[in-house]
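Residue numbers (UniProt numbering), protein chains in the order written: chain U, 1 to 361; chain G, 1 to 259.
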Ligand SMILES: Nc1ncnc2c1ncn2[C@@H]1O[C@H](COP(=O)(O)OP(=O)(O)OP(=O)(O)O)[C@@H](O)[C@H]1O
Ligand SMILES: [Mg+2]
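Shown next, in the form of C-alpha cells:
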C-alpha cells in the first residue's frame, strides 16, 4: 500500500498527506476479546488438566495473548495500530492479573466461611463453648464498638487538622504538621498498638486491657488517613467560592463551616468511610490492647473485649479437638469482616452520590 | 446610602511585586465609574483593594489611604468584614455556591450571616434581587433547583442578584458582562443605570462602548512598560475621555480600539 512517506526515502515531514488512503486493514470485530477468551480457556485447561500452577498458567496466558494480538495486528493493520493493540493488551493483562488474587481470596473465604455463616453464628457468643456451635456475636459487637469509638476520636481531630492546614496553616508549623502526618501514615499498625498499650500501662499498670485502648490505637492509624483525604478535598474547593463568601461579608469561620465544608462534604464523607474500612480489619494492635474474651463485654472501659479479627486469629491458632469447628468459625468471622468492609465501601459510594453538589435536579 | 470613595496615593503589592502604583482618585456617589485599560494593568487588583479583598491573597498588601465618606477603610480598628458589608462585589467569573439552590444563592448574603427574616420577607428580597438582575422570569419556576445548573450568563446574573440582595452602599463589578449576550448585557446596563440612583457603582470593562454608555466617569489604567507597575493614567468625565482625553496614551488606547 503506497503511503506518502514510503515514496521518498528521506521521510519529509512536510509531504502533504493528500495521497494517503482513508481505509486500512482491520482485525475482525471482537478479535481481541475472542482471542483473550480462547487464551484464558487454554490457560485454565493447563491448570486443571496439565498440572500447571495457576500463577504460571496465568502469566504464560497473558504473554501469549499479548504476543498473538500484537503480531496479528502488525501483519493486518500495520505498526501504528499494532502498538496501540500492544499497549491495550498489556494494560488488560495487568488488570486481570491484579484481579486474580482478589478473586482467589473471595472464593476461598466464601467456600470456607459459608459452613458456619448461620443465625447461631450471629446470635451467640463463645461462652462455655468447647467444640461445635458458638458464634461471634460478641466479636461483631466488639469490632463495631471499638471502630465507632476510633472514628469518634479520629474524625474531629482529623477534620480540624485538615481545616487548619488548608485554611489557616502558614509557615513552619503547618509544614511540620504535614510532615508528621505523612510519617504517621507509614507507621506499622503494631507500633500504634504498642503506643496505646504503653500509654495505658503508665496509668493503670502493666497487663491492662480495655476496648478504649484499641480505639486509641486504631485512631492513631486512622487520623492521618482522615487528615490526608480531607485535606485533598478541601484543596479542591475553588478559591472563588471562598472569595464569593467573603465578598458577602461572611466571616472566615462561617465561610468554612457553611460554604467550604458543605462543598467538600461528599469527598470528606467518602474519605472517612474508607478510613474506617482501612482500620476495621486491623489485628495486631487489637491483639495487644484489647485481647480476646469468649463472652459478651460491650463496655469499652472495662476489661477485655472480642473483635472479629482477633477472634478469627485465636480460633485459627488455638483450635479445639477436633479443630474443624474452630476453623469454620475463623473463616466465617473472616467472611463477616470482608462483608462489613464491602458494605462500608458501598456506603461510601452512596454518600458521595447523595452529598455531591448537584448541577441538575 | 451611596458613599463617596477617595483613594490617595495607593500602591498595591503582591508580596514584593508592586502591581499598581500611585493611584489617586475620587469616586462620586450616585454615579457609575468605569475603569478601562489593557489586560494585566491592575484593574481587578485595584478594584479588590476597595473592599479589602486584596489582602486575602497571602502576603498581599497596600500602601496609601482609601476613605469612604470620612472613614479610613484601612484604619487600624477597621474590620474588613464590616467594610465588605457596605461594599459588595461581582467577580470576573461567575461563582455561585454549588451546594445551594438558586433561592439560597440569592439569599446567601443574609442567610450565611444569620440574618433572620420571615419567609415572606425573604421571598420578597429574593424576588426583588432576581428581578433587578433580569433573571426572575427565567428562574421563578425552579428556585429550589441548584444554582450551578444555570447557563454561564444566567450564573453571572445570579451572582449580581446575590450581591445586590444585601443592599450594599457601593457595588464593585469586575467585567460583569464579559460572559453575557447582548440582551442580558443590556439588562445589566439598565440595572446599573437604575442602581446608580441609590448606590455608588464601579465597573471594570474591556468594552469601550459599554463604558461610554453607562459610566459618568472613566478611569484609564495602563502599564508604564513591560515589568513595570500599572498606574492610573487619568480619570475624567466619560464624555471628555472619549472625545478629548488629556493624555496621549489614553487617546491611543481608545482610538486603537475604535479604529
Ligand atoms: N494573586 C496574584 N499573585 C501575584 N500576582 C498577581 C496576582 N493576581 C494578579 N497578579 C498580577 O498583578 C497584575 C495585575 O493583574 P490584574 O488581575 O489586576 O489585571 P487586570 O487589569 O484585571 O487584567 P484583565 O483585564 O486581564 O482582567 C498582573 O501583572 C498580574 O500578573
Ligand atoms: Mg481583571
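Glycine included, every Cβ here is placed at the ideal spot set by N, Cα and C. Remember, predicted model here, so these are calculated numbers, not experimental data.
Check: residue 156 of chain G: beta carbon under 7 Å from a heavy atom of ligand 1?
Finding: Position 156 of the second chain, counting from 1, holds the residue named residue 156 of chain G. Because no heavy atom of ligand 1 lies under 7 Å away, the Cβ of residue 156 of chain G does not count as near it: no.
Checklist line | Neighbourhood of residue 165 of chain U by C-beta, 7 Å cutoff - its chain only, sequence neighbours within 5 removed | finding: Here residue 165 of chain U refers to the residue found at position 165 of the first chain. The answer, listed in chain order, is 174, 177, 178 and 231.
Item checked: Collapsed DSSP secondary structure at residue 7 of chain U in the structure displayed -> The residue labelled residue 7 of chain U in the question sits at position 7 within the first chain. Per-residue confidence for residue 7 of chain U stands at a pLDDT of 47, beneath the threshold of 50, marking its modelled position as unreliable; no derived number is given.
Notebook entry, point to check: Within 8 Å (strictly less), CB to CB, does residue 263 of chain U reach chain G?
Noted result: By 1-based counting over the first chain, the position of residue 263 of chain U is 263. By this cut-off, residue 263 of chain U is an interface position.
Next item on the list: Find the residues of chain G that neighbour residue 364 of chain U, judging by a C-beta separation of less than 8 Å, and give them in chain order.
Entry: The question about residue 364 of chain U has no answer here: the residues shown for chain U are numbered 1 through 361.
Item checked: Residue from U:131, U:348 and U:37 whose Cα sits closest to the Cα of residue 62 of chain U -> Counting from 1 along the first chain, the entry for residue 62 of chain U is found at position 62. When each option's Cα is compared against that of residue 62 of chain U, the closest is U:37.
Notebook entry, point to check: Which same chain residues, not among the five before or five after residue 295 of chain U, have their C-beta less than 8 Å away from its C-beta?
Noted result: Here residue 295 of chain U refers to the residue found at position 295 of the first chain. For residue 295 of chain U, where only same-chain residues beyond five positions count, the Cβ hits under 8 Å are 125, 126, 127 and 138.
Note to self: Does residue 172 of chain G come out as helix, strand or coil in the three-state DSSP assignment?
What the structure shows: Counting from 1 along the second chain, the entry for residue 172 of chain G is found at position 172. Here residue 172 of chain G sits in strand by DSSP.
Item checked: Neighbouring residues, chain U, relative to residue 98 of chain G (Cβ below 7 Å) -> By 1-based counting over the second chain, the position of residue 98 of chain G is 98. In chain order: 263 and 357.
Margin query: Quick check: does the Cβ of residue 92 of chain G come within less than 7 Å of any heavy atom belonging to ligand 2?
Written below: Against the second chain, residue 92 of chain G aligns to sequence position 92. True, at least one ligand heavy atom lies under 7 Å from that Cβ.
Item checked: Contact check, residue 88 of chain G vs residue 171 of chain G, beta carbons under 8 Å -> Here residue 88 of chain G refers to the residue found at position 88 of the second chain. Here residue 171 of chain G refers to the residue found at position 171 of the second chain. The answer is yes: Cβ separation under 8 Å.
Next item on the list: Could you check the C-alpha separation between residue 254 of chain U and residue 116 of chain G for me, to the nearest Å?
Entry: One-based indexing of the first chain puts residue 254 of chain U at position 254. One-based indexing of the second chain puts residue 116 of chain G at position 116. Cα to Cα, the separation comes out at about 16 Å.
Note to self: Between which two residues does the alpha helix (DSSP H) holding residue 162 of chain G run?
What the structure shows: Taking the first residue of the second chain as 1, we reach residue 162 of chain G at position 162. Per DSSP, residue 162 of chain G belongs to the alpha helix (DSSP H) from 152-165.
Next item on the list: Determine the burial state of residue 175 of chain G: buried for a count of at least 16 other Cβ atoms within 10 Å of its Cβ, exposed for fewer.
Entry: By 1-based counting over the second chain, the position of residue 175 of chain G is 175. Label assigned to residue 175 of chain G: buried.
Next item on the list: Would you mind sorting residue 41 of chain U into buried or exposed? The rule is 16 or more other CB atoms within 10 Å of its CB.
Entry: Counting from one through the first chain, the residue named residue 41 of chain U turns up at place 41. So residue 41 of chain U counts as exposed.
Next item on the list: Using a Cβ cut-off of 8 Å (strictly closer), state whether residue 244 of chain U contacts chain G.
Entry: For the purposes of this step, residue 244 of chain U is identified with residue 244 of the first chain, where counting begins at 1. Taking Cβ atoms only, chain G reaches closer than 8 Å to residue 244 of chain U, which makes this a yes.
Check: Under three-state DSSP, which class holds residue 32 of chain G?
Finding: For the purposes of this step, residue 32 of chain G is identified with residue 32 of the second chain, where counting begins at 1. Strand.
Checklist line | Nearest candidate by alpha-carbon position, reference residue 220 of chain G, set G:253, G:82, G:91 and G:29 | finding: Translated into the one-based positions of the second chain, residue 220 of chain G becomes position 220. Nearest C-alpha to residue 220 of chain G: G:253.
Check: What number of angstroms, rounded off, separates the C-alpha of residue 67 of chain U from the C-alpha of residue 172 of chain U?
Finding: For the purposes of this step, residue 67 of chain U is taken as the residue at position 67 of the first chain. For the purposes of this step, residue 172 of chain U is taken as the residue at position 172 of the first chain. The straight-line gap from Cα to Cα measures roughly 54 Å.
Margin query: Tell me which residue opens and which closes the beta strand (DSSP E) that residue 60 of chain G is part of.
Written below: Counted from its first residue, the second chain places residue 60 of chain G at position 60. Run containing residue 60 of chain G: 60-68, per the beta strand (DSSP E) assignment.
Note to self: Helix, strand or coil for residue 192 of chain G? Go by DSSP, reduced to three states.
What the structure shows: Numbered from its first residue, the second chain carries residue 192 of chain G at position 192. It is helical.
Next item on the list: Could you please go through the chain and list the residues whose beta-carbon is closer than 5 Å to any non-hydrogen atom of ligand 1?
Entry: G:14, G:19, G:39, G:40, G:41, G:42, G:43, G:44, G:45 and G:57
Notebook entry, point to check: Hey, how far is the Cα of residue 228 of chain U from the Cα of residue 155 of chain U?
Noted result: Taking the first residue of the first chain as 1, we reach residue 228 of chain U at position 228. Taking the first residue of the first chain as 1, we reach residue 155 of chain U at position 155. Rounded to whole angstroms, residue 228 of chain U to residue 155 of chain U spans 12 Å at the Cα level.
Check: Under a Cβ-count criterion, where at least 16 other Cβ atoms within 10 Å of its own Cβ denotes burial, should residue 270 of chain U be classed as buried or exposed?
Finding: Within the first chain, the letter at position 270 stands for residue 270 of chain U. Residue 270 of chain U comes out buried.
Notebook entry, point to check: Can you give, in chain order, each stretch of the alpha helix (DSSP H) that sits fully within the segment 298-327 of chain U and has at least 4 residues?
Noted result: 308-317
Margin query: Less than 7 Å separating the Cβ of residue 204 of chain G from some heavy atom of ligand 2?
Written below: Translated into the one-based positions of the second chain, residue 204 of chain G becomes position 204. Residue 204 of chain G Cβ: within cutoff of ligand 2.
Margin query: Please give me, in chain order, every unbroken run of the beta strand (DSSP E) with length at least 3 that falls completely inside the segment 188-236 of chain G.
Written below: 200-204 and 217-223
Next item on the list: Could you tell me the boundaries of the beta strand (DSSP E) in which residue 97 of chain G lies?
Entry: On the second chain, residue 97 of chain G is found 97 positions in, with the first residue counted as 1. No beta strand (DSSP E) holds residue 97 of chain G; DSSP gives it neither H nor E.
Checklist line | is_contact[residue 1 of chain U, chain G] using C-beta, thresh 8 Å | finding: If you number the first chain from 1, residue 1 of chain U lands on position 1. Note that residue 1 of chain U scores 46 on pLDDT, short of 50, meaning its location in the model is unreliable and no value can be drawn from it.
Next item on the list: Jot down the residue ranges of each uninterrupted alpha helix (DSSP H) in the segment 188-263 of chain U, minimum 4 residues, whole runs only, in chain order.
Entry: 189-204, 211-236, 239-247 and 252-255
Margin query: Under 8 Å, Cβ to Cβ, is there at least one residue of chain U near residue 56 of chain G?
Written below: The count along the second chain starts at 1 and reaches residue 56 of chain G at position 56. Chain U contact via Cβ: present.
Next item on the list: Report the partner residues of residue 88 of chain G according to the DSSP bridge assignment.
Entry: If you number the second chain from 1, residue 88 of chain G lands on position 88. DSSP, once it has assigned bridges, lists G:171 as partnering residue 88 of chain G.
Notebook entry, point to check: Any Cβ of chain G within less than 8 Å of the Cβ of residue 165 of chain U?
Noted result: Position 165 of the first chain holds residue 165 of chain U. So, not an interface residue.
Next item on the list: List the residues that DSSP assigns as beta-bridge partners of residue 13 of chain G.
Entry: On the second chain, position 13 is the one that residue 13 of chain G refers to. DSSP, once it has assigned bridges, lists G:18 and G:61 as partnering residue 13 of chain G.
Item checked: Burial state of residue 282 of chain U (16 or more Cβ within 10 Å) -> What you label residue 282 of chain U is simply residue 282 of the first chain in a count that begins at 1. Its Cβ being crowded by 16 or more others within 10 Å, residue 282 of chain U is buried.
Notebook entry, point to check: Closest by CA to residue 135 of chain U, which one among U:342, U:325 and U:346?
Noted result: On the first chain, position 135 is the one that residue 135 of chain U refers to. Considering only alpha carbons, the answer is U:325.
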